Each structure stands twice: as C-alpha cells, then as structure tokens.
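Student: Residue numbering for the sequence shown follows the working numbering, starting at 1 and increasing by one per position.
Cβ atoms here follow ideal geometry from the backbone N, Cα and C, with glycine treated the same way.
In this text the structure is predicted, and so the values were computed from the model without any measurement.
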Amino acid sequence: MTGHQGRSPRTDRADGVEDVTLLILEWLGEQGVNAMIRVDAERAADNAPAWTFAANGGPLEHGMRADGRTVEQCMSIALSQLRKAGLSVPF
Numbered sequence: 001m002t003g004h005q006g007r008s009p010r011t012d013r014a015d016g017v018e019d020v021t022l023l024i025l026e027w028l029g030e031q032g033v034n035a036m037i038r039v040d041a042e043r044a045a046d047n048a049p050a051w052t053f054a055a056n057g058g059p060l061e062h063g064m065r066a067d068g069r070t071v072e073q074c075m076s077i078a079l080s081q082l083r084k085a086g087l088s089v090p091f
C-alpha cells in the first residue's frame with residue numbers, strides 16, 4: 001500500500017455497525033459460517049452499491065448476499081438477513 005490515501009480514523013463518531021464488522025465476521029466463522037465483505041471499485045465508479053457481504057455454510061440453510069452503497073448500509077442489511085435466517089448475531 002502507498003500509505004494514508006486521504007483516509008482518516010473516525011474516532012469522534014458514534015460507534016456503528018462498520019466498527020464491529022470484523023468482530024461479526026470472526027463470530028460467524030466460529031459458528032461455521034463462511035463469510036466475507038468486499039468493495040468493488042468499478043461499481044463505486046458507476047455509482048452502484050459497491051459493498052457486498054456474502055455468507056454460506058454452517059447453520060445457514062441457504063447462502064446469502066447483501067449489497068449496499070456504504071459498509072454501514074451493507075452490514076445493516078446483512079445483519080437483518082442473518083437474524084431472519086435464525087442466527088442471533090451478538091453485535
């Protein structure tokens with residue numbers, strides 16, 4: 001990587017789902033669920049939802065996918081789908 005790239009830490013914001021995304025992924029792995037989150041630069045350039053969450057396996061009967069314009073939107077949708085599928089995500 002080439003360094004800072006204009007990003008700054010968000011220490012003054014209220015904690016949101018984006019702050020616990022890695023903890024959610026780790027917890028899902030402990031439950032036997034394969035999960036990932038990714039950003040697609042081409043979709044972002046086209047002003048399309050660039051963030052994707054995908055999960056399958058473990059207690060999930062079917063694979064699932066959630067897309068959003070921000071990581072917060074994507075993970076909020078994903079958490080809702082996971083809870084509807086019967087996973088009580090503790091975050």
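Do the CB positions of residue 20 and residue 60 come within less than 8 Å of each other?
Tutor: No.
Student: Would you tell me roughly how many angstroms separate the C-alpha atoms of residue 80 and residue 43, rounded to the nearest one?
Tutor: If you take the alpha carbons of residue 80 and residue 43, they lie about 23 Å apart.
Student: If you reduce the DSSP assignment to three classes, tell me which class residue 21 lands in.
Tutor: It is helical.
Student: Is the distance from the Cβ of residue 63 to the Cβ of residue 31 below 8 Å?
Tutor: No, the Cβ-Cβ distance between residue 63 and residue 31 is not below 8 Å.
Student: Spatial neighbours of residue 77 within its chain, please: CB distance less than 7 Å, with the 5 preceding and 5 following residues excluded, ordered by chain position.
Tutor: Same-chain partners within the cutoff: 66 and 68.
Student: Residue 91: buried (16+ other C-beta within 10 angstroms of its C-beta) or exposed?
Tutor: It counts as exposed.
Student: Compare the beta carbon distance of residue 35 and residue 54 with 8 Å and say whether it is the shorter of the two.
Tutor: Yes, these two residues count as a Cβ contact at 8 Å.
Student: From this set, 25, 38, 70 and 75, which residue's C-alpha is nearest residue 17's C-alpha?
Tutor: Among 25, 38, 70 and 75, the Cα nearest to that of residue 17 belongs to 75.
Student: Give me the Cβ distance between residue 71 and residue 82, rounded to the nearest whole Å; I'm assuming they're in contact under 8 Å.
Tutor: Incorrect: roughly 16 Å between the Cβ atoms, too far for contact.
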